[in-house]
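Taken in sequence, the protein lines are chains A and B.
Each residue of the first sequence is one higher than the one before, starting from 1 at the first, in our numbering.
Each residue of the second sequence is one higher than the one before, starting from 1001 at the first, in our numbering.
A short write-up of the structure that comes next.
Protein chains: 2
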Amino acid sequence: MRFLHTADWHIGKKLHAYSLQAEQEAAFQQILKLAQQYQVDAVVVAGDIYDRALPNEQAVAAVNRMLQTINLKAKLPLLVISGNHDSAIRLDTGRPWFKATQFYLHTKLAQAFTPIEIKKTQFFLLPYFEPFAAREYFADPKIHTIAQAMPKIVQTMQAQFAPDKQQVLVAHFFAAGSQKSDSETALTVGGLDAVPLTALQKFDYVALGHLHNQTALHEPRIKYSGSPLKFSVSEANQQKGVWLVDTDPFQTQFLPLTPKRDLQELTASFAELTTPAFYNKQDRDAYLAINLTDTKVIPNVMQTLRQIYPHIISLTRKNGRDVAPTQVKKIRRLAPEALLSDFFKETTGQALTTQQEKWATSALKAARKEDK
Amino acid sequence: MRFLHTADWHIGKKLHAYSLQAEQEAAFQQILKLAQQYQVDAVVVAGDIYDRALPNEQAVAAVNRMLQTINLKAKLPLLVISGNHDSAIRLDTGRPWFKATQFYLHTKLAQAFTPIEIKKTQFFLLPYFEPFAAREYFADPKIHTIAQAMPKIVQTMQAQFAPDKQQVLVAHFFAAGSQKSDSETALTVGGLDAVPLTALQKFDYVALGHLHNQTALHEPRIKYSGSPLKFSVSEANQQKGVWLVDTDPFQTQFLPLTPKRDLQELTASFAELTTPAFYNKQDRDAYLAINLTDTKVIPNVMQTLRQIYPHIISLTRKNGRDVAPTQVKKIRRLAPEALLSDFFKETTGQALTTQQEKWATSALKAARKEDK
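Below you can see the structure in the form of structure tokens.
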């Protein structure tokens, strides 16, 4: 039995103001191609298909198209669980019909205990669940965290284990010892919900979703696939991809994905950044987090850089910014209105319009009123 | 071929502040029972399954349950189109899988031209569409209204008509000559979009959705089913139900539904309304639009009536309310703050709290500012 393990698609997610739709579609096409090229027996998506419980219509259309493409066009069995970003209820739409074409979608805890068998592998699809759901399911008032629920969950699954078969758990939670990055939303109770690895070692493989870095956990048989795309600056140096997993004999291989538009960090001086010899060597079209080494004030900095690098997502100063002591004194004496107007001029190279001045004045007035 | 024709479920709709979930569930159970009792070959739902494009999770769960119950549990073929209240894109989720169990769901204009055949009847399922969709589909820049699109649509359908079969159109629009009531949202272009009946007379039967009154149109073979529930006071005297339709030999019968909680109008004096001999004869639990015959000021009127009639949805004065000429003069002299405070006291029997007074003052201040 051979399958692809992916997760955390977060369809509908934006990177600052940018829609990631084209990049997500391109990553999906690569996943599909890999699945076909490696002749997998199934594709596993371990939760967070959507970025939010209430996805917009465009995201709904994209997910519908993707799931139909894998399962109905490419005729690949599809194993999906809901993650903490998905609305289990919305995602559940159509579920009972899907299994006729080997599309298994689990959105409720109770469904996790009926294994899906493909070739000689039993898949236990455990959707993201809140502790109260486990408390209710096991009628055990002592369950207050996901971690507390897991031993009981695994025990219940073990009762279904066929000795001559392999067992794979598909789940969406924070496994103890994993490293978080910036783009993941914390699961409810901070820290308390880390699932100990001991509970997971009963399986031949655990296909996890939730963390966006495939190296978040260093275990041969318990893995995060990570997201197919970089979703934050902290992921700039991560290699994104999917796991190719064989259950018998056991083997895993990480298959990289190539982003349609990359996300990169760029540390340099303003002079370098604006020199053709420098910028022609850069991936100028990438989503860029620029870290300026300059300390001087640079007029129109963003405007100038955007002409060369159209997708800047952040601009920071590696070494801070020079402010002369006399200037500090001057700044301290300025009224907030004047400070704001100076700052705007310095940053954008343009003075506030009369209308903008009015807005600023009324906002500051309101702020002062709230302070009282 | 025999089918039930229903429409305009508007799952998720509220009646003033009241959730209609229990009433909608009860109506659904009756529809299901009728379908089974009359051994229909299919159930037709002519649009507006949901009340809004973005239904809440409770509504999604309810609709999913209903559609599964009809098609998967009761194993009845199900023919559904999207209405102007539905999000075609959201409703479309799962569609390609549904037809395996004879659940045909059409959400796009292009799908209308592939008839669904059940026994010897061809069903053309035409979802609600915007004029631009028809303009694009027919590549005809002259189409600006639904009415203008219909002759072309019907003509395209006619090319599929099998002479030895019956043809049924399922659609969701305003048919010319129909009577509107209060609870229907107007379709885009006021008036211009009324579909002439001539376009519809090619069919053995036209199962319409959109208008909530089953008597909105008086045609033997072109009918609105109306909504299963009363959604506004203007529908208080309507008999709600579904159509039972036989295509060969052609026959229709209106099957009434009994509301779990009715919506009624009640015209009486305050004295009558509060007399046991009177109110014990009323359906006190109904959603009530009370029309008071009194003209005098009645202290605590709403509070008192609610103790007897817990689900009042409106309170009006049939004959207006007495105001003595001296009082009019007095009122004219009062500042808005004092007027509001007097009105509140008169209506609720309680004085404004200090906090409420503050709110009122600041709201009136803001209103005065906007007036300038």
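Positions of the beta carbon are idealized from the N, C-alpha and C atoms, including for glycine.
(message) Using 8 Å as the cut-off, can you tell me whether the stretch 1249 to 1265 of chain B makes contact with the stretch 1224 to 1241 of chain B, which would need three or more C-beta pairs spanning the two stretches below that distance?
(response) yes
(message) Taking 8 Å as the limit between beta carbons, can you name the residues of its chain near A/E23, skipping five residues before and five after?
(response) If the five residues before and after A/E23 are omitted, its C-beta is found closer than 8 Å to the C-beta atoms of L229, P259, K260 and R261, all from its own chain and listed in chain order.
(message) Taking the straight line between their C-alpha atoms, what separation do you get for B/V1044 and B/A1007?
(response) 8 Å
(message) Taking CB distances under 8 Å as the criterion, tell me whether B/V1245 reaches chain A.
(response) no
(request) Report the residue from A/F132, A/A159, A/P141 and A/P127 whose alpha carbon sits nearest the alpha carbon of A/A207. (result) A/P127
(message) Considering only DSSP beta bridges, list what B/E1265 is partnered with.
(response) B/A1289
(request) Pull up the CB-CB distance for B/G1226 and B/N1237, whole angstroms please, since I reckon it's below 8 Å. (result) Not quite, the Cβ-Cβ distance comes to about 13 Å (not below 8 Å), so this is no contact.
(request) Taking only runs that begin and end inside the stretch 36 to 86 of chain A, name each unbroken beta strand (DSSP E) of 3 or more residues, in chain order. (result) 42 to 46 and 78 to 81
(request) Consult DSSP for A/A175 and reduce its assignment to one of helix, strand or coil. (result) strand
(request) Please compile the residues from chain B whose C-beta is within a distance smaller than 7 Å of the C-beta of A/R2. (result) Near A/R2 there are no residues of chain B at all, since even the closest Cβ is about 25 Å away, more than 7 Å.
(request) Closer than 8 Å, Cβ to Cβ, to anything on chain B: give me those residues from the stretch 118 to 152 of chain A, in chain order. (result) none
(request) Please decide whether B/E1370 counts as near chain A, where near means a Cβ-Cβ distance under 8 Å. (result) By this cut-off, B/E1370 is not an interface position.
(request) Run the CB neighbour count on B/T1188, radius 10 Å, all protein chains shown included, and call it buried at 16 or more, exposed below. (result) Its pLDDT being 45, under 50, B/T1188 is placed unreliably by the model, and the measurement read from it follows with that caveat. By the neighbour-count criterion, in which 16 or more other beta carbons inside 10 Å mark a residue as buried, B/T1188 falls on the exposed side.
(message) Cβ closer than 7 Å: which chain A residues qualify as neighbours of B/V1060?
(response) I89, R90 and T93
(message) Give me the chain B residues within the contact set of A/F426, using Cβ-Cβ distance strictly less than 9 Å, ordered along the chain.
(response) As displayed, chain A neither begins before 1 nor continues past 372, which places residue 426 of chain A out of reach and without an answer.
(request) Just mark A/G320 as buried or exposed, buried being the case when its beta carbon has 16 or more other beta carbons within 10 Å. (result) exposed
(message) By DSSP's criteria, A/K152 is part of a beta bridge. Which residues make up the other side?
(response) Within the DSSP bridge table, the entry for A/K152 names no partner.
(message) Could you compute how far the alpha carbon of A/Q39 sits from the alpha carbon of A/Q102?
(response) Roughly 16 Å between the two C-alpha positions.
(message) Please report the straight-line C-alpha distance between A/L54 and A/T145, rounded to a whole angstrom.
(response) Looking at the backbone, the Cα of A/L54 and that of A/T145 are separated by about 25 Å.
(request) List the residues of chain B that A/E57 touches, going by C-beta distances under 7 Å, in chain order. (result) Within 7 Å Cβ-Cβ: S1087, I1089 and R1090.
(request) Would you tell me roughly how many angstroms separate the C-alpha atoms of B/S1277 and B/V1301, rounded to the nearest one? (result) Correcting the residue type first, residue 1277 of chain B is Ala in the shown sequence and not Ser. Rounded to whole angstroms, B/A1277 to B/V1301 spans 19 Å at the Cα level.
(message) Could you check whether the Cβ of B/A1100 sits closer than 7 Å to any heavy atom belonging to the ligand NAP?
(response) Among the components modelled here there is no ligand, and therefore nothing to report on the ligand NAP.
(request) Answer yes or no: does any C-beta atom of chain B fall closer than 8 Å to that of A/L72? (result) At least one chain B Cβ lies under 8 Å of A/L72.
(request) For B/Q1160, return the contacting residues in chain A, with the cut-off set at a CB-CB distance below 7 Å. (result) Result: empty, since nearest Cβ-Cβ is about 25 Å, beyond 7 Å.
(request) Output the boundary residues of the alpha helix (DSSP H) element that contains B/I1308. (result) V1301 to I1308
(request) Find the residues of chain B that neighbour A/Q68, judging by a C-beta separation of less than 8 Å, and give them in chain order. (result) P1096
(message) Does B/W1009 pass the burial test, meaning 16 or more other C-beta atoms within 10 Å, or should it be called exposed?
(response) With 16 or more other CB atoms across the displayed protein chains lying within 10 angstroms of its CB, B/W1009 is buried.
(message) Can you tell me whether A/A139 is buried or exposed? The criterion is at least 16 other CB atoms within 10 Å of its CB, across all chains shown.
(response) exposed
(message) Taking the straight line between their C-alpha atoms, what separation do you get for A/D283 and A/R306?
(response) 14 Å
(message) Within 8 Å of any Cβ in chain B, is that where the Cβ of A/T101 sits?
(response) yes
(message) Quick check: the stretch 84 to 96 of chain A against the stretch 66 to 73 of chain A, are at least 3 beta-carbon pairs closer than 8 Å?
(response) no
(message) In the DSSP output, what is A/A88 paired with across the bridge?
(response) DSSP lists no partner for A/A88.
(request) Kindly confirm or deny that the stretch 307 to 319 of chain A and the stretch 357 to 370 of chain A touch, where touching means at least three C-beta pairs closer than 8 Å. (result) no
(request) Find the residues of chain B that neighbour A/N64, judging by a C-beta separation of less than 7 Å, and give them in chain order. (result) D1092 and T1093
(request) Drop a sphere of 10 angstroms on the beta-carbon of B/V1063, count the other beta-carbons inside from all chains shown, and report buried for 16 or more, exposed for fewer. (result) buried
(request) Can you tell me which of the three DSSP states B/F1161 falls into? (result) coil
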